Amino acid sequence: GAGVSQTPSNKVTEKGKYVELRCDPISGHTALYWYRQSLGQGPEFLIYFQGTGAADDSGLPNDRFFAVRPEGSVSTLKIQRTERGDSAVYLCASSWSPGGELFFGEGSRLTVL
Amino acid sequence: AQTVTQSQPEMSVQEAETVTLSCTYDTSENNYYLFWYKQPPSRQMILVIRQEAYKQQNATENRFSVNFQKAAKSFSLKISDSQLGDTAMYFCAFMMGYSGNTPLVFGKGTRLSVIA
Numbered sequence: 001g002a003g004v005s006q007t008p009s010n011k012v013t014e015k016g017k018y019v020e021l022r023c024d025p026i027s028g029h030t031a032l033y034w035y036r037q038s039l040g041q042g043p044e045f046l047i048y049f050q051g052t053g054a055a056d057d058s059g060l061p062n063d064r065f066f067a068v069r070p071e072g073s074v075s076t077l078k079i080q081r082t083e084r085g086d087s088a089v090y091l092c093a094s095s096w097s098p099g100g101e102l103f104f105g106e107g108s109r110l111t112v113l
Numbered sequence: 001a002q003t004v005t006q007s008q009p010e011m012s013v014q015e016a017e018t019v020t021l022s023c024t025y026d027t028s029e030n031n032y033y034l035f036w037y038k039q040p041p042s043r044q045m046i047l048v049i050r051q052e053a054y055k056q057q058n059a060t061e062n063r064f065s066v067n068f069q070k071a072a073k074s075f076s077l078k079i080s081d082s083q084l085g086d087t088a089m090y091f092c093a094f095m096m097g098y099s100g101n102t103p104l105v106f107g108k109g110t111r112l113s114v115i116a
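Chains A and B supply the protein sequences, listed in that same order.
Numbering of the first sequence is given in the numbering used here, commencing with residue 1 and proceeding in unit increments.
Numbering of the second sequence is given in the numbering used here, commencing with residue 1 and proceeding in unit increments.
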């Protein structure tokens, strides 16, 4: 597609459930980033992929969060045993290479009841 | 760790006027990039302007310009001839290193309202 696509746009779930958020980057972009944006805050880094491998996952808050990018294109952010504090907008961005301009998707808004 | 501070949670400006958004950052590095991003209600972050730390000349993109003061670690954004479409959240961001193999660090943002 022309831009970074994220699905779902909105997700409401109950505490304790499992959630998957998908990011489809711009075709050919090798670098992919996940950020989390809580209400009234700036985006906070979660994880960065270069190709298929996670080059930096230092921002993942705990082991309930996991992300994959098996074929170096689409990425899935997985959250287990969701908690109310996980409620936020999850942003995905991609770029041609590390240091290149980041192109962001419109985010997935997660609400945990 | 690098930090980015935006001290103005909210700003407003009359249409066609000029407004300046402030940003300061803290780093011990000498090589880095600075950015201003715009986030309208659609949530999609849009790059407004980018500055390389090794460049002394301030970056300019049409109505948007920056005042980069490296010694003071200050990076303000000036919007000239403000338009209603400029209404959005604005985030200042920092990226370390030439390789760019480090994540962007964002400030908390400034909500700008352009008033007709």
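The beta-carbon is built from N, C-alpha and C at its ideal position, and this holds for glycine as well.
Model, not experiment: these values are computed from the prediction.
Asked	Found
Terminal residues of the beta strand (DSSP E) in which tyrosine 90 of chain A lies	88-95
Inter-stretch contact at 8 Å, needing at least 3 Cβ pairs: the region 63-70 of chain B / the region 72-83 of chain A	no
Per-residue contacts from phenylalanine 104 of chain A into chain B (C-beta, under 7 Å)	Gln44, Met45
Any chain A beta carbon closer than 8 Å to leucine 21 of chain B	no
Cα-Cα separation, glutamate 15 of chain B to serine 7 of chain B	23 Å
Residues from the region 52-82 of chain A in contact with chain B, defined by Cβ distance under 9 Å	Ala55, Asp56, Ser58, Gly59
Beta strand (DSSP E) runs wholly inside the region 1-37 of chain B, at least 3 long, in chain order	3-5, 10-14, 19-21, 24-26
Residue burial classification, serine 9 of chain A (beta-carbon count within 10 angstroms, cutoff 16)	exposed
Residue range of the unbroken beta strand (DSSP E) whose run includes glycine 53 of chain A	53-56
Cβ-Cβ separation, cysteine 23 of chain A to glutamine 6 of chain A (assumed contact under 8 Å), whole Å	5 Å
Nearest-angstrom Cα separation, counted from glutamate 20 of chain A out to valine 68 of chain A	11 Å
Residues that lysine 108 of chain B contacts on chain A, provided the C-beta gap is smaller than 9 Å	Gly40, Gln41, Gly42
Under 9 Å by beta carbon: chain A residues contacting glutamine 104 of chain B	Note that residue 104 of chain B corresponds to leucine in the displayed sequence, not to glutamine. Ordered by position in chain A, the residues that pass the 9 Å Cβ test against leucine 104 of chain B are Tyr33, Tyr35, Pro43, Phe45, Ala93, Leu102.
Chain A within 8 Å of phenylalanine 94 of chain B, Cβ atoms only	no
Residue from A:Gln80, A:Ser94, A:Ala93 with nearest C-alpha to lysine 15 of chain A	A:Gln80
Per-residue contacts from phenylalanine 75 of chain B into chain A (C-beta, under 7 Å)	Per Cβ cutoff of 7 Å: no residues; phenylalanine 75 of chain B is ~14 Å from chain A at best.
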